[in-house]
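Enquirer: From first to last, the protein sequence lines are chains A and B.
This note's numbering applies: residue 1 is where the first sequence begins, and numbers increase by one.
This note's numbering applies: residue 139 is where the second sequence begins, and numbers increase by one.
Protein chains: 2
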Amino acid sequence: MKTKPRLQRRSGCPISIALEIFGDSWSLLIVRDLMFKGLRTFNEFQAAGEGIASNILSDRLSKLEAAGILTKTADPADARRFNYRLTQRGLDLAPVLIEIVLWCARHEDTAAPPSTIRSMRNNRDRFVADIRQRWSAG
Amino acid sequence: MKTKPRLQRRSGCPISIALEIFGDSWSLLIVRDLMFKGLRTFNEFQAAGEGIASNILSDRLSKLEAAGILTKTADPADARRFNYRLTQRGLDLAPVLIEIVLWCARHEDTAAPPSTIRSMRNNRDRFVADIRQRWSAG
Chain A
1 MKTKPRLQRR SGCPISIALE IFGDSWSLLI VRDLMFKGLR TFNEFQAAGE
51 GIASNILSDR LSKLEAAGIL TKTADPADAR RFNYRLTQRG LDLAPVLIEI
101 VLWCARHEDT AAPPSTIRSM RNNRDRFVAD IRQRWSAG
Chain B
139 MKTKPRLQRR SGCPISIALE IFGDSWSLLI VRDLMFKGLR TFNEFQAAGE
189 GIASNILSDR LSKLEAAGIL TKTADPADAR RFNYRLTQRG LDLAPVLIEI
239 VLWCARHEDT AAPPSTIRSM RNNRDRFVAD IRQRWSAG
């Protein structure tokens, strides 16, 4: 499971370590795009709606790849294009994203479909299992 | 529940909105200090171990207060000192922090006590309930 060597961390606290990996305002949006929206390419991420700048997107993709959260492979049909996929380690972020969605849906006005929120809240484990299944099927 | 007016958001996605509120590498550490370590003052947060710079700490405390995640009140014993407390909205971040801890404990070498991790993993709802109870008692 522990695929990365121990790096120079600001502390051993798991929250601190995790925030050093994905604690910025863009990284988890890329994970969201892969996990929930089925997006796979640089252009798709860039068009995903929040207006990420291409240099920031490029930086975050590299960092997430270095952190073992996603992989980058050449498209079989066009070697100049790359496809990104979540690793198991990236897929394991599903419960983190779900709790963020539930917190936000409870406390802010969001555009999240109420049926999805209900499904996350009432059948959380099932929701995570479905994500894993869709992912392994895709 | 929805205590804040709708702001200019980069999108209506709940993950995006949440990351605009606490998507940086420090804000959730302050929430952690309040929630898990019982810290309450600027000096305590600054000494919490990750070496946060005082200007960054000051900025993040203001933003978290503006976002309704914590409150700042003068210390009854010394009006020049301030105490910080989580709001209900801040306390509701407990499941997010727990899932971050579980992800990190699974995939990285951390200093988290294994007994705490087991308790989070096996009795997650109980763990959250205990946090809420300790908080309302304190």
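Built from N, CA and C at the ideal position, the CB exists for glycine as well.
Remember, predicted model here, so these are calculated numbers, not experimental data.
Nearest to A/Ile52 by CA position, among A/Ala67, A/Ile30, A/Arg40, A/Phe22, is which residue?
Expert: A/Ile30
Enquirer: Going by the beta-carbon positions, is the gap between A/Trp26 and A/Leu86 smaller than 8 Å?
Expert: Against a cut-off of 8 Å, the Cβ pair of A/Leu86 and A/Trp26 comes out as no contact.
Enquirer: Taking DSSP as the reference, what is the three-state secondary structure of A/Lys37?
Expert: For A/Lys37, the three-state secondary structure derived from DSSP is coil.
Enquirer: Give the DSSP bridge partners of A/Thr87, in chain order.
Expert: Answer is none; A/Thr87 lacks a bridge partner.
Enquirer: Tell me which same chain residues have a C-beta within less than 8 Å of the C-beta of A/Arg81, skipping the five on either side of it?
Expert: Thr41, Ala74, Asp75
Enquirer: Kindly list, in the order they appear in chain A, the residues whose Cβ is closer than 7 Å to that of B/Val266.
Expert: The contacting residues do not exist; B/Val266 stays about 10 Å from chain A at best.
Enquirer: Buried or exposed: where does B/Pro252 fall if 16 or more other Cβ atoms within 10 Å of its Cβ makes it buried?
Expert: exposed
Enquirer: Which two residues bound the contiguous beta strand (DSSP E) that contains A/Asp75?
Expert: 70 to 75
Enquirer: Beta-carbon of A/Ile100 versus every beta-carbon of chain B: anything under 8 Å?
Expert: yes
Enquirer: Please return the same chain residues whose Cβ sits closer than 7 Å to the Cβ of B/Glu188, not counting the five positions on each side in sequence.
Expert: Leu167
Enquirer: Based on the DSSP secondary-structure assignment, which residues constitute the bridge partners of B/Asp162?
Expert: None; B/Asp162 has no bridge partner.
Enquirer: I think B/Arg198 touches B/Ile236, with their Cβ atoms under 8 Å apart; what is that distance to the nearest whole Å?
Expert: So it is not a contact: roughly 21 Å between Cβ atoms.
Enquirer: Give a yes or no on whether 8 Å exceeds the smallest Cβ distance from B/Gly176 to chain A.
Expert: no
Enquirer: So, is B/Asp268 buried or exposed, given that buried needs 16 or more other C-beta atoms within 10 angstroms?
Expert: exposed
Enquirer: Would you verify that the beta carbon of B/Ile155 is, or is not, closer than 8 Å to some beta carbon of chain A?
Expert: yes
Enquirer: Check for me: the alpha helix (DSSP H) holding B/Gln146 runs from which residue to which?
Expert: From DSSP, B/Gln146 is part of no alpha helix (DSSP H); its letter is neither H nor E.
Enquirer: Just the chain A side, please: which residues come within less than 8 Å of B/Leu167 by C-beta, in chain order?
Expert: Cys13, Ile15, Ser16, Leu19
Enquirer: Taking 8 Å as the CB-CB cut-off, is A/Arg10 touching chain B?
Expert: yes
Enquirer: Suppose you measure from the CA of A/Leu93 to the CA of B/Leu240; what does that come to, to the nearest Å?
Expert: 10 Å
Enquirer: Does the Cβ of B/Ser200 have 16 or more other Cβ atoms within 10 Å, making it buried, or fewer, making it exposed?
Expert: exposed
Enquirer: Answer yes or no: does any C-beta atom of chain B fall closer than 8 Å to that of A/Thr110?
Expert: Yes, because at least one Cβ of chain B sits closer than 8 Å to the Cβ of A/Thr110.
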